[in-house]
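Visitor:
Residue numbers (our numbering): 111 to 501.
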């Protein structure tokens, strides 16, 4: 605790420059301490240790004596510093962290939280995205605007290696220049204990690979999944829903989702400031429903053809060669006799058509004979006799 308070006291000394702070931090036995630095160290430790937080609550208003912490004399009274620091805990804020919640935060949740957008209310600067796998999450992050604060809740099934590489590339796009990234586990379930722990080991290895010095990844990465594998603090969001929170693979209820998000907000509060989550109001639900319907309509319209860009046939006259010839009239096209598609030509009754053909042939033969018939006055006597015999 003293080492933590010593570092906080030096780093929060506003009147010192960077060189003076670095020189003091490099000292082997630095004993520099301030009440504010001690209060900051106490505040940080009580957020991680429930027993320490309970003892601090009972120690309010108690005056402490100077203990013999050092074997050499110091220039301050540690008992007075402890009394002052405990009284300052109500007014201490996390150092080097903006207390406002107006910055953009991206929260990625697995499909078990599918009802979060319909049942939970959150601020406009918080983006909650429910992904099916890491591939869809990576695609969403690639298309989304740059966000410096990202929280990823791992799924309850082991992701494949290729989607994990895609997610790594998309995270580097947002956080290569700095930012904050936090990994959380999905809620613990007894039936999925082995898979849940194996995913935690993969998450730890994923964070180790991402933050190795050769990658020059400047963002602050926190693995809240690996912390819960060895111990089980009751305040951690992974075990806040019990050991059997749902039936098989059914989605979580609105009460379970709200409890998980509130525990997540309190756990990540020292890294990312999140506004409080609450149940969505009736007006907010109606607004989200209308937005969802409008988005679905836009997607349907995108699939339809755009008739406004079809070329006008009359515009082709501009591309034709100029000609002074008169246009010929279009020939009238005769429509063929309709036939049934299923009719078999081999079994069709052709008697009516055969009668018509014979009649047309007889009429044509008669007209041809009439055309060849010559004038009787020009016939020779021999042909007159042949004609008379024929008739």
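For glycine and all other residues, C-beta sits at the position ideal for the given N, C-alpha and C. The structure presented is a predicted model; accordingly, all values stated were derived computationally and were not measured.
Buried or exposed: residue 172, going by 16 or more other Cβ atoms within 10 Å of its Cβ?
Guide: Within the chain shown, the letter at position 62 stands for residue 172. Exposed, by the Cβ-count rule.
Visitor: Residue 246 lies in the alpha helix (DSSP H); which residues open and close that run?
Guide: Mapped onto the chain shown, residue 246 falls at position 136. Its alpha helix (DSSP H) spans residues 244-253.
Visitor: Tell me, please, which residues DSSP counts as bridged to residue 333.
Guide: Stepping through the chain shown from its first residue, residue 333 is reached at position 223. Paired residues: 293.
Visitor: Which same chain residues end up closer than 6 Å to residue 351 when comparing Cβ atoms and leaving out the 5 residues on each side of it in sequence?
Guide: Sequence index remark: in the chain shown, residue 351 carries index 241 (1-based). Here the set comprises 297, 366.
Visitor: Grab the span of the alpha helix (DSSP H) containing residue 367 for me, first residue to last.
Guide: Position 257 of the chain shown, counted from the first residue, corresponds to residue 367. Per DSSP, residue 367 belongs to the alpha helix (DSSP H) from 364-377.
Visitor: Would residue 401 and residue 229 be called neighbours here (beta carbons separated by less than 8 Å)?
Guide: Locating residue 401 in the chain shown gives position 291, where the first residue counts as 1. Locating residue 229 in the chain shown gives position 119, where the first residue counts as 1. It is not a contact, given that the beta carbons lie outside the stated cut-off.
Visitor: Mind checking residue 165: buried by the 16 CB within 10 Å criterion, or exposed?
Guide: Taking the chain shown and counting its residues from 1, the one referred to as residue 165 is at position 55. Residue 165 comes out exposed.
Visitor: Counting pairs of beta carbons, one from the stretch 238-246 and one from the stretch 286-302, are three or more of them closer than 8 Å?
Guide: no
Visitor: How should residue 313 be labelled, buried or exposed, when 16 other C-beta atoms within 10 angstroms of its C-beta is the threshold for buried?
Guide: What you label residue 313 is simply residue 203 of the chain shown in a count that begins at 1. Buried: at least 16 other Cβ atoms inside 10 Å.
Visitor: Spatial neighbours of residue 163 within its chain, please: C-beta separation below 6 Å, excluding the five flanking residues on both sides.
Guide: Residue mapping note: residue 163 aligns to position 53 of the chain shown, counting from 1. Here the set comprises 156.
Visitor: Among 496, 132, 119, which one has its Cα closest to the Cα of residue 141?
Guide: For the purposes of this step, residue 141 is taken as residue 31 along the chain shown, with counting starting at 1. Ranking the options by Cα distance to residue 141, first place goes to 119.
Visitor: For residue 121, report the span of its alpha helix (DSSP H) as first-last.
Guide: The residue labelled residue 121 in the question sits at position 11 within the chain shown. Counted as a single uninterrupted DSSP element, the alpha helix (DSSP H) harbouring residue 121 occupies residues 112-121.
Visitor: Would you list the residues sitting across from residue 523 in a DSSP beta bridge?
Guide: One cannot answer for residue 523 here, as it falls past the ends of the chain, which runs 111 to 501.
Visitor: Given a cut-off of 8 Å, decide if residue 317 and residue 259 are closer than it, judged by their beta-carbon atoms.
Guide: The residue you call residue 259 lines up with position 149 of the chain shown. The residue you call residue 317 lines up with position 207 of the chain shown. No; because the gap between Cβ atoms is not below 8 Å, this pair is not in contact.
Visitor: On the DSSP letters alone, give me the boundaries of the alpha helix (DSSP H) that residue 193 sits inside.
Guide: Locating residue 193 in the chain shown gives position 83, counting from the first residue. That run of the alpha helix (DSSP H) goes 188-197.
Visitor: Where residue 362 and residue 168 are concerned, what is the direct C-alpha to C-alpha distance, given to the nearest angstrom?
Guide: In the chain shown, the residue the question calls residue 362 occupies position 252. In the chain shown, the residue the question calls residue 168 occupies position 58. Each residue's Cα considered, the two are about 38 Å apart.
Visitor: Between which two residues does the beta strand (DSSP E) carrying residue 216 extend?
Guide: Against the chain shown, residue 216 aligns to sequence position 106. It spans 215-219 - the beta strand (DSSP E) in which residue 216 sits, taken as one unbroken run.
Visitor: Buried or exposed: which applies to residue 135, given that a residue is buried once 16 or more other Cβ atoms fall within 10 Å of its Cβ?
Guide: Reading the chain shown from its first residue, position 25 is the one you call residue 135. So residue 135 ends up on the exposed side.
Visitor: With H, G and I counted as helix, E and B as strand and the rest as coil, what does DSSP make of residue 230?
Guide: Residue 230 sits at position 120 when you count from the first residue of the chain shown. Strand.
Visitor: Could you work out which residue in 280, 469, 130, 238 is closest to residue 221 when comparing CA atoms only?
Guide: By 1-based counting over the chain shown, the position of residue 221 is 111. Residue 221 has its Cα closest to that of 238, out of 280, 469, 130, 238.
Visitor: For residue 226, which residues from the same chain have a beta carbon less than 7 Å from its beta carbon, with the 5 sequence-adjacent residues on both sides left out?
Guide: Indexing the chain shown from 1 puts residue 226 at position 116. So the list reads 219, 238, 240, 367, once near-sequence residues are dropped.
Visitor: Assuming contact is defined by CB atoms lying nearer than 8 Å, are residue 293 and residue 262 in contact in what I supplied?
Guide: For the purposes of this step, residue 293 is taken as the residue at position 183 of the chain shown. For the purposes of this step, residue 262 is taken as the residue at position 152 of the chain shown. A contact, by the Cβ cut-off of 8 Å.
Visitor: Take residue 373 and list the residues in its own chain whose beta-carbon comes closer than 6 Å to its own, dropping the five residues that flank it on each side.
Guide: Against the chain shown, residue 373 aligns to sequence position 263. So the list reads 347, 350, once near-sequence residues are dropped.
Visitor: Cβ atoms of residue 111 and residue 151: under 8 Å apart, would you say?
Guide: Position 41 of the chain shown, counting from 1, holds the residue named residue 151. Position 1 of the chain shown, counting from 1, holds the residue named residue 111. Going by C-beta atoms, residue 151 is nearer than 8 Å to residue 111.
Visitor: Count the other C-beta atoms from every protein chain shown that fall within 10 angstroms of the C-beta of residue 284, then say buried if there are 16 or more, exposed otherwise.
Guide: In the chain shown, the residue the question calls residue 284 occupies position 174. Counting the other Cβ atoms within 10 Å of the Cβ of residue 284 gives 16 or more, which makes it buried.
Visitor: When burial is assigned at 16 or more other CB atoms within 10 Å of the CB, is residue 279 buried or exposed?
Guide: If you number the chain shown from 1, residue 279 lands on position 169. Burial call: exposed.
Visitor: Are the Cβ atoms of residue 174 and residue 143 separated by less than 8 Å?
Guide: For the purposes of this step, residue 174 is identified with residue 64 of the chain shown, where counting begins at 1. For the purposes of this step, residue 143 is identified with residue 33 of the chain shown, where counting begins at 1. The answer is no: Cβ separation not under 8 Å.
Visitor: Applying the 10 Å Cβ sphere with the 16-neighbour rule, what's the burial state of residue 353?
Guide: The sequence position of residue 353 within the chain shown is 243, counting from 1. Answer is exposed; the Cβ neighbour count stays below 16.
Visitor: Considering only DSSP beta bridges, list what residue 236 is partnered with.
Guide: Reading the chain shown from its first residue, position 126 is the one you call residue 236. 215, per the DSSP bridge assignment.
Visitor: If you reduce the DSSP assignment to three classes, tell me which class residue 386 lands in.
Guide: Translated into the one-based positions of the chain shown, residue 386 becomes position 276. DSSP, read as helix, strand or coil, puts residue 386 in coil.
Visitor: Cβ atoms of residue 191 and residue 148: under 8 Å apart, would you say?
Guide: Position 38 of the chain shown holds residue 148. Position 81 of the chain shown holds residue 191. Closer than 8 Å, so yes.
Visitor: Measure the Cβ-Cβ separation of residue 355 and residue 236 and say whether it is below 8 Å.
Guide: By one-based count along the chain shown, residue 355 stands at place 245. By one-based count along the chain shown, residue 236 stands at place 126. Not in contact: residue 355 and residue 236 (Cβ atoms no closer than 8 Å).
Visitor: Count the other CB atoms within 10 Å of the CB of residue 333; is the residue buried (16 or more) or exposed (fewer)?
Guide: Locating residue 333 in the chain shown gives position 223, where the first residue counts as 1. Residue 333 comes out buried.
Visitor: In this structure, does DSSP put residue 347 in helix, strand or coil?
Guide: The count along the chain shown starts at 1 and reaches residue 347 at position 237. Residue 347 falls in the helix class under three-state DSSP.
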